[in-house]
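See below:
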């Protein structure tokens, strides 16, 4: 299964402060942590995410899904908000980070 995470306007501002490799690392790390709680396998392939900031999306692959995917991504959005907020300018807020959309 493939999912596309579409960043909100505020999410796009936040990811603009990161390099592409850093974003892949953040999403991979937080996904691996959540995989201990949820029954699925997530990968964030670099070949499908060449320019996350310009695209405003990140593509993830899911395998062996035996849980509620929307709940997983809701929790992932909450978790990745922490490192993204650290690079925002003072006074900027970050409410929603992304919306998950099924690709196939």
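Residue numbers (the working numbering): 549 to 652.
All C-beta atoms, glycine included, are put in the ideal place defined by N, C-alpha and C.
The structure displayed is predicted, hence computed values, not measured ones.
Contact under 8 Å by Cβ, residue i with residue j
i	j	result
residue 621	residue 638	no
residue 646	residue 566	no
residue 597	residue 552	no
residue 652	residue 604	no
residue 563	residue 632	yes
Same chain, Cβ closer than 6 Å to residue i, five either side skipped, listed in chain order
i	result
residue 627	578
residue 609	550, 591
residue 576	592
Where residue i falls, given that 16 or more other Cβ within 10 Å makes a residue buried
i	result
residue 624	buried
residue 602	exposed
residue 574	buried
residue 650	exposed
Residues near residue i in its chain [Cβ-Cβ closer than 7 Å; skip 5 each side]
i	result
residue 612	588, 589
residue 629	642, 645
residue 570	none
Residues near residue i in its chain [Cβ-Cβ closer than 8 Å; skip 5 each side]
i	result
residue 618	648
Is the region 580 to 590 close to the region 556 to 564, with three or more CB pairs under 8 Å? no
Go through the region 609 to 642 residue by residue and report every complete run of the alpha helix (DSSP H) that reaches 4 residues or more, in order. Those alpha helix (DSSP H) runs which fall completely within the region 609 to 642 and span 4+ residues are 617 to 634.
Quick check on the DSSP output: what are the complete alpha helix (DSSP H) runs of length 4 or more inside the region 573 to 612, in order along the chain? 600 to 603
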